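>
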Amino acid sequence: MRAVTVTPGVRDSLRLVPDHPEPPTDEGAILVEALAVGICGTDHEIVAGEYGEAPPGTPDLVLGHEALGRVLEDPTGTLQKGDLVAGIVRHPDPVPCPNCAVGEWDMCRNGQYTEHGIKALPGFARDRWRVQPKFAIGLDPVLAPVGMLLEPASVVAKAWDHIERIGGRAEWQPQTVLVTGAGPIGLLAALLAAQRGLSVHVLDLATSGPKPELVAALGATYHSVPVGQLDFDPDVVVECTGAPSVVFDAMCKAGPAGIVCLTGVSSGGRTIDFDAGALNRELVLENNVVFGSVNANRRHWDLAAEALARADQDWLKSLITRRVPVEAYAEAYAAGPEDIKVVLDFQL
Ligand SMILES: [Zn+2]
């Protein structure tokens with residue numbers, strides 16, 4: 001069967017292996033036929049040789065962590081043949097740490113977790129894969145064209161879950177949300193905000209392309225000015241750029257009792273001048289919280305599956321700006337200027 005692989009740490013080692021071995025049964029009882037995988041910045045970093053780790057004893061890593069497949073067989077009866085399924089990306093560490101021990105692998109404390117297509121577990125960019133029932137998420141059949149968005153949606157569902165848990169520290173009636181960055185994570189964060197009935201603002205540099213229209217279609221307001229020029233103080237900020245100056249401005253912009261959730265990963269090494277005293281003063285005197293959020297546990301995957309199923313399916317489809325057949329895999333992993341989500345399609 002076909003599989004898209006890299007040799008981690010080796011730049012441009014991306015290739016399509018035509019005769020990759022079938023998934024071993026110890027990977028899981030549920031056998032799945034791949035429909036598609038989504039591609040994100042983490043894949044680009046792995047392809048560039050900057051990130052990624054092969055499974056023990058092998059030089060190569062099968063890519064793909066944003067999975068969508070169809071069940072071929074499930075002898076456990078958890079799912080039925082033909083069901084849509086996604087595989088949870090992260091597996092708990094073997095120690096396990098206190099969080100992994102209770103299924104909160106998204107909060108792993110020792111860093112010894114593994115991740116499909118990223119860290120020591122083969123990914124989903126292969127014709128067939130297997131998954132254990134506890135890591136399999138069944139999807140509503142309506143999500144067949146867009147189900148590979150479940151992984152980024154799970155990241156956003158976790159961010160919102162934690163925002164709401166933090167908000168619950170005191171009486172909290174949020175009204176206004178600012179999302180910085182209108183990539184897939186930002187747009188899905190805006191979708192979940194709109195589903196909560198909040199007044200949603202999305203800020204991005206782009207003034208053309210599909211982003212302004214996608215934001216408007218959510219009933220949200222699009223801004224392409226610096227954060228400091230916005231004329232409102234949001235109750236919640238979901239920061240999705242990782243750009244140092246935007247991160248800093250977002251932390252300062254939140255209103256009283258505001259919550260700032262950082263989801264973007266900065267590359268580091270880029271420094272900006274900022275007034276740490278002024279930021280401290282702002283956070284203390286307004287009871288603000290700034291926190292980071294990454295990954296998702298099974299509860300968040302389930303929440304994400306519900307959120308996607310009740311979203312406008314045409315809107316979700318329009319997040320996918322390119323669908324590339326597996327045979328043209330190199331095109332799929334080359335970022336284009338107008339891309340939002342690029343999908344590697346196993347059925348084209
Ligand atoms: Zn752990």
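Going by this note's numbering, the sequence shown opens with residue 1, and the numbers climb by one from there. Think of the CB as a built atom: it goes at the ideal place given N, C-alpha and C, for glycine as much as any other residue. It should be emphasised that the depicted structure is a prediction, and the values quoted were computed from it without experimental measurement.
(1) Checking 8 Å against the spacing of the C-beta atoms, do A29 and T76 come in under that value?
(2) Which of the three DSSP states, helix, strand or coil, is assigned to I272?
(3) Should the segment 278 to 295 be regarded as contacting the segment 177 to 196, the criterion being three or more beta carbon pairs within less than 8 Å?
(4) Are the Cβ atoms of L303 and V324 separated by less than 8 Å?
(5) How about the segment 111 to 126 and the segment 93 to 101: do they share at least three Cβ pairs that are nearer than 8 Å?
(6) Which residues bound the alpha helix (DSSP H) around F248?
(7) Might you give, ordered along the chain, the residues of its own chain that have their beta carbon closer than 7 Å to the beta carbon of C240, omitting 5 neighbours on each side?
(8) A311 and I137: beta carbons closer than 8 Å?
(9) What three-state label does DSSP hand F135 in the structure shown?
(10) Any chance the segment 224 to 238 sits against the segment 196 to 213, with 3 or more Cβ pairs inside 8 Å?
(11) Return helix, strand or coil for G38, following the three-state DSSP convention.
(12) Using the three-state DSSP reduction, which class does D345 fall into: helix, strand or coil?
(13) Output the boundary residues of the beta strand (DSSP E) element that contains L319.
(14) Going by Cα to Cα distance, which pick from D275, L279, L143 is closest to V260?
(15) What first and last residue would you give for the beta strand (DSSP E) that runs through H162?
(16) Less than 8 Å separating the beta-carbons of V156 and L198?
(17) Roughly how many angstroms lie between the CA atoms of P23 and L72, to the nearest whole one?
(18) Is there a Cβ of chain B sitting closer than 8 Å to that of A36, yes or no?
(19) DSSP three-state label for W105, please.
(20) Comparing C-alpha positions only, which one of V32, E104, G69, P234 sits nearest to H300?
(21) With a CB to CB cut of under 7 Å and the five nearest residues on each side skipped, what residues in its chain are close to M1?
(22) Would the beta-carbon of V6 fall within 8 Å of that of G52?
Working from what's here:
(1) yes
(2) coil
(3) no
(4) no
(5) yes
(6) 244 to 253
(7) V179, T180, G181, G183, I185, G186, A189, T263, G264
(8) No, the pair does not count as a contact, with Cβ atoms beyond the cut-off.
(9) helix
(10) yes
(11) Of the three classes helix, strand and coil, the one that applies to G38 here is strand, per DSSP.
(12) Three-state result, D345: strand.
(13) Element bounds for L319: not the beta strand (DSSP E) but the alpha helix (DSSP H), 313 to 319.
(14) Minimum Cα distance to V260 is reached at L279.
(15) First-last for H162: 150 to 167, but that is the alpha helix (DSSP H), not the beta strand (DSSP E).
(16) no
(17) 13 Å
(18) No chain B appears in this structure, which consists of one protein chain only.
(19) helix
(20) E104
(21) H20, E22, R126, D127, R128
(22) yes
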